[in-house]
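Have a look at the structure below before the remarks.
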Amino acid sequence: MSGPGIPEVSGLRSRLVVWLFHHFFFLRRGMTLGVRAACFDRDGRIFMVRHTYVPGWYLPGGGVERHETALGALEKELREEGNLVMTGPPELFHVYYNRGASKRDHVLFYRVEVEQTEPRKPDREIAESGFFDLERLPEDVTSATLRRIREVTGQEPPSDMW
Numbered sequence: 001m002s003g004p005g006i007p008e009v010s011g012l013r014s015r016l017v018v019w020l021f022h023h024f025f026f027l028r029r030g031m032t033l034g035v036r037a038a039c040f041d042r043d044g045r046i047f048m049v050r051h052t053y054v055p056g057w058y059l060p061g062g063g064v065e066r067h068e069t070a071l072g073a074l075e076k077e078l079r080e081e082g083n084l085v086m087t088g089p090p091e092l093f094h095v096y097y098n099r100g101a102s103k104r105d106h107v108l109f110y111r112v113e114v115e116q117t118e119p120r121k122p123d124r125e126i127a128e129s130g131f132f133d134l135e136r137l138p139e140d141v142t143s144a145t146l147r148r149i150r151e152v153t154g155q156e157p158p159s160d161m162w
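According to full-length UniProt numbering, the sequence shown is numbered sequentially starting from 1.
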């Protein structure tokens, strides 16, 4: 795992999509809250996804909806983005302020052991997904994703900023 990674939100299309999502969510929620997870299989590989609407590889996750718990949102996102099932209780690793998304966005970051029930097929949201050895991550992993992996593996102390 080396190099700085690629920016999470770069290019006009990505910035526009993120801006639209957050303005839509602003109407539905006063503050936005998301969940993401470093998902490890029994071989110590980490699960990552590549979305169709933004560049780069990410850790799975998404927004917490009204009337939904953070753990309920985490379980739903892991199932939807990777056909993943938690094999043990998720560990809350850190809480981050994600000022890159908006002035009111926070992310709960978990570490969790998982099993995949079946390979995730590409669709309109997820272009690609899979488990990766920590020493052989895809080249276009986002910079924030690389920072979270370095933090959760003890290579860096956690930051409060996403």
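A virtual CB, placed ideally from N, CA and C, is assigned to each residue, including glycine.
Burial state of M48 (16 or more Cβ within 10 Å):
buried
So residue 208 packs on T52, CB below 8 angstroms; how close in whole Å?
Here the chain covers residues 1 to 162 and nothing more, so residue 208 does not appear.
Bridge partners for A70 per DSSP, in chain order?
Paired residue(s): none; A70 is not in a bridge.
Quick check: the stretch 139-154 against the stretch 64-81, are there 3 or more CB pairs under 8 angstroms?
no
Which runs of the beta strand (DSSP E), 3 residues or longer, sit entirely within the stretch 105-129?
105-116
Tell me which residue opens and which closes the beta strand (DSSP E) that R136 is part of.
From DSSP, R136 is part of no beta strand (DSSP E); its letter is neither H nor E.
Give the DSSP-derived three-state secondary structure of A101 in the structure shown.
coil
Using the Cβ count rule (16 or more neighbours within 10 Å means buried), how would you classify L74?
L74 should be labelled buried.
If you draw a straight line from the C-alpha of D160 to the C-alpha of D105, how long is it?
12 angstroms
Look at V107 and V35 and say whether their C-beta atoms are less than 9 angstroms apart.
yes
Exposed or buried, what is T32 when buried is set at 16 or more other beta-carbons lying within 10 Å of its beta-carbon?
Burial check for T32: the Cβ neighbour count within 10 Å reaches 16 or more, so the residue is buried.
Could you check whether G88 and V112 sit closer than 9 angstroms to each other, using their CB atoms as the reference points?
yes
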